[in-house]
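In the numbering used here, the protein residues as written are -10 to 222. Ideal Cβ positions, reconstructed from N, Cα and C, are used throughout, including at glycine.
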Amino acid sequence: MTLPYFNLVQHIIMKKNKLALFDLDDTLFDGDTEGEWVQYMNTNSLITDPEFFNKMEQFTVNYRQGQLDVDEYSKFLLSPLIGKSLKEIEGSIETFSFDVVDRLTDDLTQELLKKHKEDIKILTSGSLSFLVDSIGKKLGIDTCFGTDPEYLNGSFTGGVKGNPNFSDEKVRRIKYWMESKKFDEIYAYSDSIHDLPLLEFSNFPCAISPDKKLREVAEDRKWLIEDRRNLHS
-10 MTLPYFNLVQ HIIMKKNKLA LFDLDDTLFD GDTEGEWVQY MNTNSLITDP
40 EFFNKMEQFT VNYRQGQLDV DEYSKFLLSP LIGKSLKEIE GSIETFSFDV
90 VDRLTDDLTQ ELLKKHKEDI KILTSGSLSF LVDSIGKKLG IDTCFGTDPE
140 YLNGSFTGGV KGNPNFSDEK VRRIKYWMES KKFDEIYAYS DSIHDLPLLE
190 FSNFPCAISP DKKLREVAED RKWLIEDRRN LHS
């Protein structure tokens, strides 16, 4: 009767404490959350600025050229919500989140979540935090970091609280969260060269359908690379 108990104790002692860090857009999702959110706001008449989509196109050009001002972009995305309270748009957030989780998750999403089913998981994204939180919960991820909106008297100001959750800021927030926690293994997943600090922070970095620059780094360092197109073919 003592042997099974011994094996159980040994299993508990040997079980490693693992942390999995996930980017969202083009990583856990096969698509772009904020692009989808813009379309949702437009469909639901939240966007009233006639120049909104021209400005959006310029931000897209800047991003492709590596010149995106993330702070200004985040403020731009928040501009249709100025004066509204989070409570006013909670229903919209829920509806939107259910929709994108249904449409933008795929076999790779399920594979990654299954792989880390027993591990602590963090969803860390540059997208707006109220979207990231809602999506994360629907994916079974309780700890989520996104770009935090600024509120005044409970309403959106159109500003950003602190720094956008982008590049080095992702690592800074995770380190702060980890302050009194210890992990034997840290896994990280992203598609973007902007998340190089996040991938370097982990023991087991994995590039998901990476952009050109990240692919070069991943191949040079012999990191794991997962390509969505291989799963979809």
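Nonlocal neighbours in the same chain, by C-beta distance under 8 Å from residue i, ignoring five residues either side
i: Gly148; result: Lys64, Leu67, Pro138, Glu139
i: His0; result: Caution applies to His0, whose pLDDT of 48 falls short of 50 and renders its modelled position unreliable; the model cannot decide the point.
i: Gly72; result: Ser144, Phe145
i: Asn33; result: Ser81
i: Asn192; result: Glu174, Ile175, Tyr176
Residue environment, residue i, which counts as buried when at least 16 other CB atoms sit within 10 Å
i: Tyr62; result: buried
i: Ile175; result: buried
i: Lys76; result: exposed
i: Ile163; result: buried
i: Phe87; result: exposed
i: Leu(-3); result: Unreliable positioning characterises Leu(-3) in this predicted model, as indicated by a pLDDT of 49, which lies under 50. The coordinate reading is nonetheless provided below. Label assigned to Leu(-3): exposed.
i: Ser123; result: buried
i: Glu189; result: exposed
i: Pro39; result: exposed
Residues near residue i in its chain [Cβ-Cβ closer than 6 Å; skip 5 each side]
i: Gly125; result: Leu112, Cys133
i: Ile197; result: Thr16, Tyr178, Asp180, Glu215
i: Leu93; result: Phe18, Asp19, Gly20
i: Lys150; result: Asp137, Glu139
Start and end residues, alpha helix (DSSP H) containing residue i
i: Thr136; result: From DSSP, Thr136 is part of no alpha helix (DSSP H) but of the beta strand (DSSP E) over 132 to 136.
i: Lys44; result: 41 to 53
i: Lys64; result: 59 to 67
Same chain, Cβ closer than 7 Å to residue i, five either side skipped, listed in chain order
i: Trp26; result: Phe85, Leu120
i: Glu205; result: none
i: Ala207; result: Ala196, Pro199, Ile214
i: Glu79; result: none
i: Met30; result: Ile36, Pro69
Residue i CB to nearest heavy atom of the ligand MN below 7 Å
i: Phe145; result: Of ligands this structure carries none, so the ligand MN is not represented either.
The beta strand (DSSP E) enclosing residue i, as first and last residue numbers
i: Phe18; result: Premise fails: Phe18 is in no beta strand (DSSP E) and is neither H nor E.
i: Leu8; result: 7 to 11
- Inside the region 85 to 128 only - alpha helix (DSSP H) runs reaching at least 4 residues: If you keep only unbroken alpha helix (DSSP H) runs of at least 4 residues inside the region 85 to 128, you get 96 to 104, 118 to 127.
- Message: Under 8 Å, with one C-beta from each stretch per pair, do the region 149 to 159 and the region 109 to 116 reach the 3-pair mark?
- Response: Judged by Cβ distances under 8 Å, the region 149 to 159 makes contact with the region 109 to 116, as three or more pairs qualify.
- Task: Any chance you could list the beta strand (DSSP E) runs of at least 3 consecutive residues sitting entirely within the region 171 to 218, in chain order?
- Result: Entirely contained in the region 171 to 218, the beta strand (DSSP E) runs reaching 3 residues are, in chain order, 174 to 179, 193 to 197, 213 to 215.
- Counting pairs of Cβ atoms below 8 Å between the region 11 to 23 and the region 82 to 100, do you hit three or more? Yes, since at least three Cβ pairs between the region 11 to 23 and the region 82 to 100 fall closer than 8 Å, the two stretches touch.
- Any chance the region 37 to 54 sits against the region 172 to 187, with 3 or more Cβ pairs inside 8 Å? Taking a cut-off of 8 Å for Cβ pairs, the region 37 to 54 and the region 172 to 187 do not touch, as fewer than three such pairs fall below it.
- Item | Contained alpha helix (DSSP H) runs [length at least 4] in the region 147 to 171, N- to C-terminal order | Taking only runs of at least 4 residues, the alpha helix (DSSP H) segments lying wholly in the region 147 to 171 are 157 to 166.
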